[in-house]
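Trainee: In this text, residue positions in the sequence shown follow this note's numbering: the first is 715, and each later residue adds one.
Structure in C-alpha cells, see below.
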Amino acid sequence: MGKQVFSIILAAGEGTRMKSKKPKVLHRICGYPIIEYVVRAASEVSDDLPVVVVGHRAEEVKQYLGERVRYAHQPQLLGTGHAVMMAKPVLKDATGYVVILAGDAPLIRGCTLERMVQHAMQGGYGAVVLSAVVDDPAGYGRIIRDDDGDLERIVEHRDATEEQRRIKEVNSSIYCFDVQFLFSTLDKLDNRNSQGEYYLPDAIEIMKRQGAKVGVLVAQDADEVLGINTRIQLAEADRKMRLRINRFHMDRGVTIVDPEHTYIGPDVVIGCDTVVYPGNVLEGSTVIGEDCILYPNNCIVNSTVGNGVQLQASVILDSRIGDGTTVGPYAYLRPGSIIGKGVRIGDFVEIKNSTIGDGTKISHLTYVGDAEVGKGVNLGCGVVFVNYDGIKKHRTVVEDKAFIGCNVNLVAPVRIGQQAYIAAGSTITEDVPGKALAIARERQINKEGWVERRQRIQDTESHA
Ligand code: UD1
Ligand code: CA
C-alpha cells in the first residue's frame, strides 16, 4: 500500500477584490459555489475528509459544506503559510502526503492532483508544486528556476523584480507536501515581504535549503490553475467550466447548438441525440432523456425528463416529466409536478404539487395546484384549480377522460368523476359524478329589442 494522502483547502481569505458581502468561495460557477469543485477534486485524492481552513465569514462557509469536510480556523488572516499551520492540530498524527489546494481555484481536476501525488511519491519529493504557463501572469507568484532548470523558489508578483515579472510560469497555489516535514518547516517562515504575510511558497525554498528534494509539475491544461480573485475571473472560470461540461456531453452524443450560451451544471445527465438550443439553464441533479429537444430558454432544476420530450421557454423545478410530453412555451412547473407520458402542457400553464396522467391536455392559461388529474383529461383554456381558501390548501381530483370546459373554477376540495363534462364558465363547488354534465352558472337571458328601447328613452329625455 502507498502512503496516505490528506488534503487541506485554503478558504479563510476575505476576497477583497470581489467587492462582495459574500465570502469569495461561495460565489457560484455553473450552479455551485466555487469551493464545491475544490472539495470534490480534493476528495478524489484524499484518504480522509479534506480539511478546510476557514476564517472570514467562517460560519457561512461551514453552513454550506456541512460535515463532508473537517475544519481548521484561522483567526487572523496572516497569509497562506499561516493558514496551513492552522491545520496542524487536525493533522498532527498524519503521516504521508498532504495536497494543498486554494479554495478559489475551482478548475483543478482530480486526475491532475493524482498525477502530482504520484510524481511526489515516486520521486521521493518533500514538496511538489503545480505550475502552469499562462499568457497573463499578473498577480500570480512566479516560478524561479536555477541554471539546471530546477525549482529555486517562488516570488510573489508584488515582491518580484521587473525581470522576474516577465516569467510566465506561475504558482498554482496547489502543492503536494510531505505532511510532517511541511508542518515543521512552517515554524521557520517569516513575514518579511511586501504584504507582511507568512507565504506558503517560502516553505519550499526552506525545505530545499535543508536538503529536501523539491520539484515542479507543469499542468498540461493551464486553465486548471485559474484562481478567482475578481468578478472578471469569476466569469472567466464560469465560461471555462461551462465549455468543459458542454464538451463532455457533446462527446457522449448530445447536440449543443451553441456551447457558449448553454448553461449545464456538473451533475446533470443528458441522453444521446437530445438537442439543446441556447439559453437553457440545467441545474442540480437534473436528468434529461434521449431524443429530447430543448428549445431556447428553459430553466430546469433538480428535475427528471423522459425520452422524446420537447420543452420550450419554461421553468421546471423539482418535477418529473414522462416520455413524449411537450411543455411550453412559457409554462411553469413548480415543485412536486409529476407529469405523465404524452401530455401536452401549453403556454402560460402553471402546475404545482400535482400529478397529471398520461395523454392529458392542458393547452393554455391554466393553473393546476394540489391536484390529481387522471389520464386523457382535457382542461380547456383558463381553468383554475381554486386550491386555497385563505387558510388551508385543499386537493382536487379529476378522474380519467373528464372534460373541463374553458374558464372553469374547480373549488377544492372537489372530485370530478370519470368522463364527466363541466360546462364552460362553471364554478364547481360540489363533486360531479362520472359521465355527468355539470353546469354551474347563470342561465343566459336575451332581451330582444333592448337597444332600440333604450334609444327611445334617451331621445325623450333630451327633448324634455
Ligand atoms: C497565491 C500564491 C501565489 C499563487 C496564487 C495562485 C501565496 C503567498 N501566493 O496568491 O503564489 O500564484 O495564489 O492563485 O501563497 N488564504 C487563507 N488565509 C490567508 C490568506 C489566504 O486561507 O491568510 C486563502 C484564500 O482564501 C485563498 C487562498 O488562500 O483561497 C489564496 O489566497 P490569495 O490571497 O488569493 O493568494 P494570491 O494572492 O492569489
Ligand atoms: Ca488567489
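For every residue, glycine included, the Cβ atom is placed at its ideal position computed from N, Cα and C.
It should be emphasised that the depicted structure is a prediction, and the values quoted were computed from it without experimental measurement.
With a threshold of 7 Å, establish whether the CB of residue 997 neighbours any heavy atom of ligand 1.
Mentor: no
Trainee: What did DSSP end up calling residue 807 once you bin it into helix, strand or coil?
Mentor: coil
Trainee: Give a yes or no on whether the C-beta atoms belonging to residue 1111 and residue 1118 are separated by under 8 Å.
Mentor: no
Trainee: Name the one or two DSSP bridge partners that residue 1017 has.
Mentor: The partner list for residue 1017 (beta bridge, DSSP) is empty, contrary to what the question assumes.
Trainee: Can you grab the Cα-Cα spacing for the pair residue 1009 / residue 975, in whole Å?
Mentor: 13 Å
Trainee: Below 7 Å, is the gap between the Cβ of residue 796 and the nearest heavy atom of ligand 3?
Mentor: As far as ligands go, the structure on display features ligand 1 and ligand 2 and does not contain ligand 3.
Trainee: Do residue 678 and ligand 1 come close, with the Cβ less than 7 Å from some heavy atom?
Mentor: With the chain covering only 715 through 1178, there is no way to say anything about residue 678.
Trainee: Please tell me whether, using a cut-off of 7 Å, the distance from the CB of residue 868 to the nearest non-hydrogen atom of ligand 1 is below it.
Mentor: yes
Trainee: So what does DSSP say about residue 1171, is it helix, strand or coil?
Mentor: Helix.
Trainee: In three-state terms, what does DSSP make of residue 783?
Mentor: coil
Trainee: Taking the beta carbon of residue 1165 as the centre, do at least 16 other beta carbons fall within 10 Å, making it buried, or is it exposed?
Mentor: Exposed, by the Cβ-count rule.
Trainee: Name the one or two DSSP bridge partners that residue 818 has.
Mentor: In the DSSP output, where bridge partners are listed per residue, residue 818 has none listed.
Trainee: Have a look at 1081, 984, 939, 1003 and flag the residue whose alpha-carbon is nearest the alpha-carbon of residue 755.
Mentor: 939
Trainee: Just how far apart, CA to CA, sit residue 1179 and residue 1156?
Mentor: Summary: the structure shown does not reach residue 1179, with the chain confined to residues 715 through 1178, and so no result is reported for it.
Trainee: Ligand 1 and residue 1068: does the residue's C-beta get closer than 7 Å to at least one heavy atom of that ligand?
Mentor: no
Trainee: For residue 794, write down the residues that DSSP places opposite it in a beta bridge.
Mentor: BP columns for residue 794 are empty, so no partner.
Trainee: So residue 749 packs on residue 726, CB below 8 Å; how close in whole Å?
Mentor: At roughly 12 Å, the Cβ-Cβ gap does not stay under 8 Å, so residue 749 and residue 726 are not in contact.
Trainee: State the start and end residues of the unbroken beta strand (DSSP E) segment that holds residue 889.
Mentor: Per DSSP, the unbroken beta strand (DSSP E) holding residue 889 starts and ends at 883 to 892.
Trainee: Do residue 967 and residue 987 have their C-beta atoms within less than 8 Å of each other?
Mentor: yes
Trainee: Got a sec: does ligand 1 put a non-hydrogen atom nearer than 7 Å to the Cβ of residue 1101?
Mentor: no
Trainee: Where in the stretch 979 to 1015 do unbroken runs of the beta strand (DSSP E), each at least 3 residues long, occur, reported from the N-terminal end onward?
Mentor: 995 to 997, 1013 to 1015
Trainee: Using the Cα positions of residue 809 and residue 1038, report the straight-line distance between them to the nearest angstrom.
Mentor: 56 Å
Trainee: Report whether the distance from the Cβ of residue 884 to the nearest heavy atom of ligand 1 is below 7 Å.
Mentor: yes
Trainee: What are the residues that DSSP puts in a beta bridge with residue 1064?
Mentor: According to DSSP, residue 1064 shares a beta bridge with 1046, 1081.
Trainee: Do the stretch 819 to 832 and the stretch 752 to 772 make contact, defined as three or more Cβ pairs closer than 8 Å?
Mentor: The stretch 819 to 832 makes contact with the stretch 752 to 772: 3 or more CB pairs, one atom from each, lie closer than 8 Å.
Trainee: Alpha carbon to alpha carbon, how far is residue 970 from residue 989? Give it in angstroms, no decimals.
Mentor: 6 Å
Trainee: Taking the alpha carbon of residue 963 as the reference point, which residue from 985, 945, 949, 944 has its own alpha carbon closest?
Mentor: 985
Trainee: Considering only residues of the same chain and omitting the five flanking positions on each side of residue 890, which have a CB-CB separation below 6 Å?
Mentor: 811, 813, 830, 831, 834, 842
Trainee: Would you check if the distance between the CB atom of residue 951 and the CB atom of residue 747 is smaller than 8 Å?
Mentor: no
Trainee: Just the C-alpha distance for residue 1052 and residue 1006, rounded to the nearest angstrom, thanks.
Mentor: Put simply, the backbone Cα of residue 1052 is about 18 Å away from that of residue 1006.
Trainee: Answer yes or no: do residue 1019 and residue 1001 have a C-beta to C-beta separation smaller than 8 Å?
Mentor: Taking 8 Å as the Cβ cut-off, residue 1019 and residue 1001 qualify as a contacting pair.
Trainee: Is it true that the stretch 1080 to 1092 meets the stretch 1052 to 1070, where meeting means three or more beta-carbon pairs spaced less than 8 Å apart?
Mentor: yes
Trainee: Leaving out five residues on either side along the sequence, give the residues of the same chain with a beta carbon under 8 Å from the beta carbon of residue 1140.
Mentor: 1119, 1122, 1123, 1152, 1153, 1154, 1155
Trainee: If you reduce the DSSP assignment to three classes, tell me which class residue 903 lands in.
Mentor: coil
Trainee: Sort out for me which residues DSSP pairs residue 1106 with in a bridge.
Mentor: The partner list for residue 1106 (beta bridge, DSSP) is empty, contrary to what the question assumes.
Trainee: Please state whether DSSP places residue 1121 in a helix, a strand or coil.
Mentor: coil
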